[in-house]
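There are 2 protein chains.
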Amino acid sequence: MNVHEGNAVYNLTDSCVMPLTFQQLLSMDRDHDLDDVRMDYGTITGDPRLKKEILKMYRSAAEDNITFGQGCLQCSEMVMYTLLSPGDTVVTYTPSYQQFTDIPASIGCSVIQLKLYEEQGWQPLVSELEEVMQKPVRMVIINQPNNPTGSVFERAYLDRLISLCRKQGTWILCDEVYRGLYEEEISLSDLYEKCVCTSGLSKLYSLAGLRLGWIRGPREVIDLVNVRRDYSIISTGALTDTLALVALKNREKIIQRSLDIIEGCRREITEWLKHEARVSLVMPKYGTVSFPKYESRLSSSELAEGIQQKYGVFFVPGSCFDCEKHLRLTMTCPADTMREGLRLLSRYLDEADNS
Amino acid sequence: MNVHEGNAVYNLTDSCVMPLTFQQLLSMDRDHDLDDVRMDYGTITGDPRLKKEILKMYRSAAEDNITFGQGCLQCSEMVMYTLLSPGDTVVTYTPSYQQFTDIPASIGCSVIQLKLYEEQGWQPLVSELEEVMQKPVRMVIINQPNNPTGSVFERAYLDRLISLCRKQGTWILCDEVYRGLYEEEISLSDLYEKCVCTSGLSKLYSLAGLRLGWIRGPREVIDLVNVRRDYSIISTGALTDTLALVALKNREKIIQRSLDIIEGCRREITEWLKHEARVSLVMPKYGTVSFPKYESRLSSSELAEGIQQKYGVFFVPGSCFDCEKHLRLTMTCPADTMREGLRLLSRYLDEADNS
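From first to last, the protein sequence lines are chains B and Y. Going by the working numbering, the first sequence opens with residue 1333, and the numbers climb by one from there. Going by the working numbering, the second sequence opens with residue 1333, and the numbers climb by one from there.
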């Protein structure tokens, strides 16, 4: 993304809802005490007022179950480094975000990837899970809603997963950065006592620029992560904590804005699919991205590079998720950007396959 | 520090110059474009305008030699994880910051600590360096000016160190977060081609709350760190980059403020030492902290805990640096805080040793 994002005229692949400006964020709370904030480390383990707001997103947890990092990804990294050792077996899913596989592998873990089946609505198979969990598994890493498919595990699968993990004492690390558009989305950490969840303000809250993430987990994990933090980030800083508090106090307003944007995109995509027979999509109910499949002689990277060059439309190709003939499609851009970008995608497919 | 800092009435141990408030920072640059900053990731590898300002602190370097992290400490951590492997030999110095020893040890490196001798003005011995470098050393980690002593290596030692490292191809990681009060302080990365330097805005710039650090090093190291960042922090964010730019454009003003504060402390300490025979100090020329030695039956942690409890004076005890009968003494607080805190230290020593 680093190379191509800047040149995009139509960014049809971003997983963050269109960013707020600094002014838009501040205007949500006239009572903030930003001017007087001392630019120091702040409370080392995170502003207690911020923790209080975050606890509202979980059914049961105390302040000691929360700590912070520089974005959800870094939070997940800290959890992996804290709980994993060379030789451990880790189960992940594919397609999913590269970090979940690559960091355990770099630590020296043996990583088993279970498949999400598109024809099953991007669900995994219980039978495959049961098979891998016949041997000791240290950690299962999941991402709900999933990047890039937007899928969440069906309840029957989740129950089976938790019961198998409980039997072994297996940790679950669940990246929930896309959770929270709807009240019904339960955190996995409210269902399983050895689940560590991570999240942040980058995706649904349109505030990637704050670089604020958090971890919710059992006290003993949070304590270990806090020790690790003392050798690394120390804290997230008083400024970020103060601004994050403004955002979370206005959570409903920000989430409603995100829902409106996503709904607009969903309408454009649905309309376009009616007339675009070469593309099929398991339309996700949650999250901010989707993962359509297309028919063409072009590989996903040929398509993504070609259309960026010719029309300035930016897609992350399926090849980045080891899944050919797919593109990651955002649901977070302005509706007219979506409409025009999809029109150009159809045109590019026409031209490529008829030339 | 996490436990005790909050209760301190007289913080006589802080390594950061008294923090600026958000308003004080912003008032330095009426032309900033903060309101319109999009709260997104910003330029992934760091704002080019910010890199340009940072390059001014080095004699020769290009933008590709710079990348960013969340504070100097995290930058150093990323360098260690990038360049070190289990089994490597790493040379560090004592007393110094724990991170330099503990992270290599946690990676599985064999760590050799060389001593800084107080009676030599906190300098190491060339002979001891020559001895350890008879075997292969992967990395030498130094901190200039040093925390907690404020010392920097004498030029003869530095030259010998560089020549021994060059012969072997040994990396030097140099934490220079306390460098930059005076123009004469050369970066080690301007003297040795395999030196990676880290720094940040927390100490001399009074902006720990920005959590901005940077790495200056050879292109191949910066490229590797940038790949690592994609799995972790991604970026430092548009907001931090914008505010850091305000700070660095006003570098002279901020550094002059720090110099004034440090000078005020130095005067108070010098005056106090004239009448306090139980305490001796190698007064550092650079940096923000010093490391006085005291005579008492109390251990450093007994002294630090006792005086905090009785008089609210906060010191990091020498035991945190494996160096008994010492305290880390700041040079960054208001002069009257210093005066009163030192008066209470004398009184506490009286009471403790006469009871």
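Just so you know, even glycine gets a beta-carbon here, dropped at the ideal spot from N, CA and C.
For Trp1604/Y, the first and last residue of its enclosing alpha helix (DSSP H): DSSP places Trp1604/Y in the uninterrupted alpha helix (DSSP H) bounded by 1583-1606.
Within 8 Å, strictly: CB atoms of Ser1632/B and Glu1656/B: Yes, the pair counts as a contact, with Cβ atoms nearer than the cut-off.
Cβ neighbours of Cys1441/Y in the same chain (closer than 6 Å, five flanking residues each side left out): If the five residues before and after Cys1441/Y are omitted, its C-beta is found closer than 6 Å to the C-beta atoms of Leu1416, Asp1420, Val1422, all from its own chain and listed in chain order.
Alpha helix (DSSP H) runs wholly inside the region 1474-1509 of chain B, at least 4 long, in chain order: Uninterrupted alpha helix (DSSP H) stretches at least 4 residues long and entirely within the region 1474-1509 of chain B occur at 1487-1500, given in chain order.
Residue range of the unbroken alpha helix (DSSP H) whose run includes Lys1526/B: First-last for Lys1526/B: undefined, no H or E at that position.
Coil, strand or helix - Gln1466/Y by DSSP: In the three-state reduction of the DSSP assignment, Gln1466/Y falls in the coil class, being assigned neither a helical nor a strand state.
Listed by chain order, chain B residues near Gly1673/Y by CB distance under 7 Å: For Gly1673/Y, no chain B residue has a Cβ inside 7 Å of its Cβ, as the nearest lies near 19 Å away.
Residues, ordered as in the chain, of the region 1438-1449 of chain Y that lie near chain B by beta-carbon distance below 8 Å: Taking 8 Å as the Cβ-Cβ cut-off against chain B, none of the residues of the region 1438-1449 of chain Y qualify.
Burial state of Tyr1449/Y (16 or more Cβ within 10 Å): Taking every protein chain shown into account, the CB of Tyr1449/Y has fewer than 16 other CB atoms within 10 angstroms, so this residue is exposed.
Span of the beta strand (DSSP E) around Arg1629/Y: For Arg1629/Y, no beta strand (DSSP E) run applies, since DSSP gives it neither H nor E.
Validate contact between the region 1660-1671 of chain B and the region 1617-1628 of chain B using beta carbons, cut 8 Å, 3 pairs: In short, these stretches touch, since the Cβ pair count reaches three.
C-beta neighbour in chain B for Phe1354/Y, strict 8 Å: By this cut-off, Phe1354/Y is an interface position.
Environment of Pro1380/Y [buried if 16+ CB atoms lie within 10 Å]: Here Pro1380/Y is exposed, its C-beta having fewer than 16 other C-beta atoms within 10 Å.
is_contact[Leu1571/Y, chain B] using C-beta, thresh 8 Å: Flagged as an interface residue toward chain B: Leu1571/Y, by a C-beta distance shorter than 8 Å.
Beta-bridge pairing of His1364/B - partner residues as DSSP gives them: DSSP output for His1364/B lists no bridge partner at all.
Touching by the beta-carbon criterion (3+ pairs, under 8 Å), the region 1403-1410 of chain Y and the region 1608-1619 of chain Y: Contact between the region 1403-1410 of chain Y and the region 1608-1619 of chain Y is not established, with fewer than three Cβ pairs separated by less than 8 Å.
Alpha carbon of Ala1340/B to alpha carbon of Arg1598/B, nearest angstrom: Going by C-alpha positions, Ala1340/B is about 21 Å away from Arg1598/B.
Cβ separation of Val1559/B and Ser1534/B, assumed to be a contact under 8 Å, to the nearest whole Å: A Cβ-Cβ separation of about 25 Å leaves Val1559/B out of contact with Ser1534/B under the 8 Å criterion.
Residues sharing a beta bridge with Tyr1449/Y, DSSP: Note: Tyr1449/Y sits in a beta bridge opposite Gln1455/Y.
Residue closest to Thr1433/B, alpha-carbon to alpha-carbon, out of Ser1564/B, Trp1503/B, Glu1683/B, Phe1653/B: If we check each option's Cα against that of Thr1433/B, Phe1653/B comes out closest.
Beta-bridge partners of Gly1401/Y, as assigned by DSSP: Under DSSP, Gly1401/Y takes part in a beta bridge, and its partners are Gly1545/Y.
Per-residue DSSP class, three states only, for Leu1382/B: Here DSSP, grouped into helix, strand and coil, assigns Leu1382/B to helix.
Neighbourhood of Gly1501/Y by C-beta, 8 Å cutoff - its chain only, sequence neighbours within 5 removed: Within the same chain, Lys1526 come within 8 Å of Gly1501/Y by CB-CB distance, once the 5 residues on both sides are set aside.
Classification of Tyr1563/Y by the beta-carbon crowding that lies within 10 angstroms, buried from 16 upward: Answer is buried; the Cβ neighbour count reaches 16.
Contact check, Val1645/Y vs Tyr1342/Y, beta carbons under 8 Å: Yes; because the gap between Cβ atoms is below 8 Å, this pair is in contact.
Cβ distance (whole Å) where Arg1551/Y is taken to contact Ser1531/Y below 8 Å: Under the criterion of beta carbons closer than 8 Å, Arg1551/Y and Ser1531/Y do not qualify as touching, at roughly 18 Å.
Residue from Leu1490/B, Lys1447/B, Lys1499/B whose Cα sits closest to the Cα of Met1465/B: Nearest neighbour of Met1465/B by Cα position, chosen from Leu1490/B, Lys1447/B, Lys1499/B, turns out to be Lys1499/B.
Closer than 8 Å to chain Y by CB, Arg1370/B: Output row for Arg1370/B: interface = yes.
Pair within 8 Å by beta-carbon distance, Arg1370/Y and Ala1684/Y: No. Outside cutoff.
Beta-carbon contacts of Gln1402/B that lie in its chain and below 7 Å, excluding the five residues immediately before and after: Its chain contains Arg1543, Gly1545, Ile1565, Thr1568 as the residues whose beta carbon lies nearer than 7 Å to that of Gln1402/B, once the 5 sequence neighbours on both sides are disregarded; these appear in chain order.
Unbroken beta strand (DSSP E) run spanning Val1422/B, endpoints: Annotation for Val1422/B: the continuous beta strand (DSSP E) segment containing it runs 1421-1426.
Leu1681/B and Ser1612/B closer than 8 Å at C-beta: When the beta-carbon positions are compared, Leu1681/B and Ser1612/B stay at least 8 Å from each other.
Nearest-angstrom beta carbon gap, Ile1554/Y and Asn1397/Y [assumed within contact, 8 Å]: With a Cβ gap of about 6 Å, Asn1397/Y and Ile1554/Y count as contacting.
Beta-carbon separation (whole angstroms), Leu1580/Y vs Ile1386/Y, contact threshold 8 Å: About 7 Å; that satisfies the 8 Å criterion.
Proximal residues of chain Y, C-beta to C-beta of Cys1348/B below 9 Å: Residues of chain Y passing the Cβ test: Asp1372, Tyr1373.
Whether Asp1573/Y touches Leu1358/Y by CB criterion (8 Å): Taking C-beta atoms as the reference points, Asp1573/Y and Leu1358/Y fail to come closer than 8 Å.
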